[in-house]
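Enquirer: Here our numbering is used: the first residue of the sequence shown is 332, the next is one more, and so on. Ideal Cβ placement from N, Cα and C applies to all residues, glycine included.
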Amino acid sequence: MHSIRKQTYTRKKRIRSKTTLISSPLFLSHSFFLFSFSLLLFSFLSLFLFASLDASSNDKLKRPCLFLLSSFFFFISWP
332 MHSIRKQTYT RKKRIRSKTT LISSPLFLSH SFFLFSFSLL LFSFLSLFLF ASLDASSNDK
392 LKRPCLFLLS SFFFFISWP
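Shown next as structure tokens:
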């Protein structure tokens, strides 16, 4: 009986430590920085891809670029 109580206590403690890590402001600021940096990087990448698509009307290049852009925007809009 005592070991079951100890297991549930350690399980609750482990869950509590994970939630405090996620809700800590340092973790949130780092995740926001990474998110904004990746958004900026992909926006520059999409501008470059659209500029290269305007220069050349090659269908073999258009399809994967548009697929990558659409999948990226789908990933960003996912809650």
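If we ignore side chains and look at the alpha-carbon of each, how far apart do Leu372 and Phe379 end up?
Expert: Rounded to the nearest angstrom, the two C-alpha atoms are 11 Å apart.
Enquirer: With C-beta atoms as the reference, is Ser377 less than 9 Å away from Phe403?
Expert: Taking 9 Å as the Cβ cut-off, Ser377 and Phe403 qualify as a contacting pair.
Enquirer: Once the 5 residues before and after Leu365 are set aside, which same chain residues still bring their CB inside 7 Å of it?
Expert: Around Leu365: no qualifying Cβ.
Enquirer: When you compare only the Cα positions, how much space is there between Phe398 and Ser374?
Expert: Cα to Cα, the separation comes out at about 15 Å.
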